[in-house]
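Peer 1:
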Ligand code: NAD
């Protein structure tokens, strides 16, 4: 019996699609029938964390007989984001789903030791990058006139005080507010805008936590479900928000965190 592919006919652009959560989203959306534009500042996955080793994401998708392309994109550069959005719409003839997922995190600092340069760089990628991606996505979706889905990757650090640095928390709190505000603004165009707030997930970004046993145990203990997240846990939530079942959900910041924010 063939499985229903629930994003059949849709086109999705995902920023930060080369690694971790973005890569898992790209693979999941493609397996659900969407054609994917993988947008990232680098093409090659980070070999230092298990599942990322191997082919670039678009090649891994094509190896499954599915459709994907890659476009170089730096989310801190508005022209680069606009070019990526254009590339998706031109390559596949439409654009239905945009995941503003690219992000960075520096080593955790108490603010007394936090270099201003790290703070600025974090804001530029995590906050400004989501702003650029949302703005260009909205422009294209309004131009097309068929609505759309925007899904931003925030963090539990955007919902609660977390021990991962002020810059990171500030940038993710901004993502949640960008999403809520934009959702109200573009609802009349049939565009939904939601955020996913992951707990700690096993990716290149969290390699410190993954490889340091003490830190791993500490972080795991913060998640009542007793394990850290897998990129596929987040991709599943993103798929739901992109699917027809989420047609009336907008402006939500959805924790996907093994219970982190419920205690
Ligand atoms: P990751 O490092 O595996 O992947 C991040 C991807 O973003 C990489 O492919 C990187 O090249 C890309 N990227 C970084 N800066 C970019 C830029 N300026 N332009 C374009 N692409 C850029 O990390 P991840 O864990 O998959 O992170 C994905 C998102 O999830 C981020 O927004 C992150 O803040 C968020 N998040 C991660 C965790 C976690 O524990 N891993 C938890 C909560 C939220």
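In our numbering, the protein residues as written are -16 to 246. Cβ coordinates follow ideal geometry from the N, Cα and C atoms, glycine included.
Give the straight-line distance between the Cα atoms of residue 84 and residue 117, rounded to the nearest whole angstrom.
Peer 2: As a first step, residue 84 must be located in the chain shown, where it is residue number 101. As a first step, residue 117 must be located in the chain shown, where it is residue number 134. Distance between the alpha carbons of residue 84 and residue 117 is about 11 Å.
Peer 1: Using a 10 Å radius around the Cβ and a threshold of 16 neighbouring Cβ atoms, would you call residue 146 buried or exposed?
Peer 2: Your numbering for residue 146 matches position 163 in the chain shown. With fewer than 16 Cβ atoms within 10 Å of its Cβ, residue 146 is classed as exposed.
Peer 1: Quickly, what does DSSP pair residue 174 with across the bridge? List them, please.
Peer 2: Locating residue 174 in the chain shown gives position 191, counting from the first residue. DSSP output for residue 174 lists 131 as bridge partner(s).
Peer 1: Between the stretch 169 to 187 and the stretch 228 to 242, do at least 3 Cβ pairs fall closer than 8 Å?
Peer 2: With a cut-off of 8 Å, the stretch 228 to 242 and the stretch 169 to 187 count as touching, because enough Cβ pairs lie within range.
Peer 1: If I measure Cβ to Cβ from residue 75 and keep anything under 6 Å in the same chain, skipping five residues before and after, which residues do I get?
Peer 2: Position 92 of the chain shown, counted from the first residue, corresponds to residue 75. Counting only Cβ-Cβ distances below 6 Å, and skipping sequence neighbours, we find -6 and 18.
Peer 1: Helix, strand or coil, according to DSSP, for residue 23 in the structure here?
Peer 2: By one-based count along the chain shown, residue 23 stands at place 40. If DSSP states are grouped into helix, strand and coil, residue 23 belongs with the strands.
Peer 1: State the Cα-Cα distance for the pair residue 316 and residue 229, rounded to the nearest angstrom.
Peer 2: Since the first and last residues shown for the chain are -16 and 246, residue 316 lies out of range.
Peer 1: Does the beta-carbon of residue -16 have 16 or more other beta-carbons within 10 angstroms, so that it is buried, or is it exposed?
Peer 2: For this step, residue -16 is matched to residue 1 along the chain shown. Annotation note: pLDDT 48 at residue -16 (below 50); position unreliable, coordinate value reported separately. Burial call: exposed.
Peer 1: Taking 9 Å as the threshold (C-beta atoms), are residue 111 and residue 176 in contact?
Peer 2: Locating residue 176 in the chain shown gives position 193, where the first residue counts as 1. Locating residue 111 in the chain shown gives position 128, where the first residue counts as 1. Not closer than 9 Å, so no.
Peer 1: Could you have a look at residue 53 and say whether DSSP puts it in helix, strand or coil?
Peer 2: Reading the chain shown from its first residue, position 70 is the one you call residue 53. Residue state, collapsed to three classes: strand.
Peer 1: Determine the direct distance from the alpha carbon of residue 51 to that of residue 44, and round the result to whole angstroms.
Peer 2: In the chain shown, residue 44 corresponds to position 61, counting from 1. In the chain shown, residue 51 corresponds to position 68, counting from 1. In a straight line, the C-alpha of residue 44 is about 6 Å away from that of residue 51.
Peer 1: Does residue 242 come out as helix, strand or coil in the three-state DSSP assignment?
Peer 2: As a first step, residue 242 is located in the chain shown; it is residue number 259 there, counting from the start. DSSP places residue 242 in coil when its eight states are reduced to three.
Peer 1: Among the residues of its own chain, which have a CB less than 6 Å from the CB of residue 7, if the five just before and after it don't count?
Peer 2: The count along the chain shown starts at 1 and reaches residue 7 at position 24. The residues are 214, 215 and 218.
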